[in-house]
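For the sequence shown, this note's numbering gives the first residue as 60, with consecutive numbering after it. Note that CB positions come from ideal geometry on N, CA and C, so glycine has one too. What follows is a single structure, written as structure tokens, with notes after it.
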Amino acid sequence: MQITRCGWVNEDPLYIAYHDEEWGKPLYDDRKLFELMMLEGMQAGLSWYTVLKKREHFREVFDGFDPEKIVLYDEAKIEALMQDTGIIRNRLKIQAVIQNAAVFQEISREAGGFAKVLWSFTGGKPVINKWAARSEVPATSPQSDQMSKALKKKGMKFVGSTICYAFMQASGMVDDHTTDCFCHSSKRGSDI
């Protein structure tokens with residue numbers, strides 16, 4: 060039996076698994092949300108597939124995206140990261156992850172959790188869209204505009220509305236699987 064997936068998925072088993080098992084599934088874990096947002100920021104100007112292929116190495120060299128450890132990174136650590144060919148070597152993006160880790164801690168302390176703040180932009184539950192074709196899917200939304208503005212106001216970097224919308228799609232805050240995709244909410248039932 061032929062399985063229909065979103066049109067952006069290529070034939071790489073890594074990408075298929077990401078689409079089938081992660082993308083668009085609601086994520087509520089603060090640390091995993093932080094990792095995903097940082098990787099979405101690393102994607103800026105590139106493809107998610109590029110980042111996905113490097114994700115395991117990113118996790119290794121960024122201490123599992125542990126904000127407590129990342130805020131302590133110094134210039135020597137930044138230089139080591141800049142020499143690491145297994146990641147995206149962009150000084151501004153690396154520095155943004157460090158700054159964003161500090162903002163993550165602040166938001167978590169003030170609001171009682173990063174997930175609580177991020178999910179507030181969708182009313183605490185996934186927004187289920189019904190796009191028939193990938194060409195209908197927007198690059199931003201009013202919610203991603205609001206999220207971006209709020210995170211930038213707190214001091215986060217690489218969190219523009221397009222990055223926030225991609226993050227919302229990936230973390231399941233928005234279901235943008237096309238309606239013919241077997242992963243669309245209408246086909247999965249009530250697992251969200």
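Asked, Found
"Counted within 10 angstroms of its Cβ, other Cβ atoms place Asn159 as buried (16 or more) or exposed", "buried"
"Anticipated Cβ contact below 8 angstroms, Glu94 with Ala225, distance rounded", "With 8 angstroms as the limit, Glu94 and Ala225 do not qualify as a contact, their Cβ atoms being about 14 angstroms apart."
"Straight-line Cα distance separating Trp178 from Asp204", "14 angstroms"
"Rounded straight-line distance, which links the Cα of Pro197 to that of Asp250", "Caution is warranted here: a pLDDT of 45 is assigned to Asp250, below 50, making its placement in the model unreliable, and no coordinate value can be reported."
"Spatial neighbours of His116 in its chain, beta-carbon cut-off 7 angstroms, leaving aside the 5 residues before and after", "Gly145 and Ile146"
"Coil, strand or helix - Val156 by DSSP", "helix"
"N- and C-terminal bounds of the alpha helix (DSSP H) containing Val176", "Phe173 to Trp178"
"Helix, strand or coil at Ile187 according to DSSP, with G and I counted as helix", "strand"
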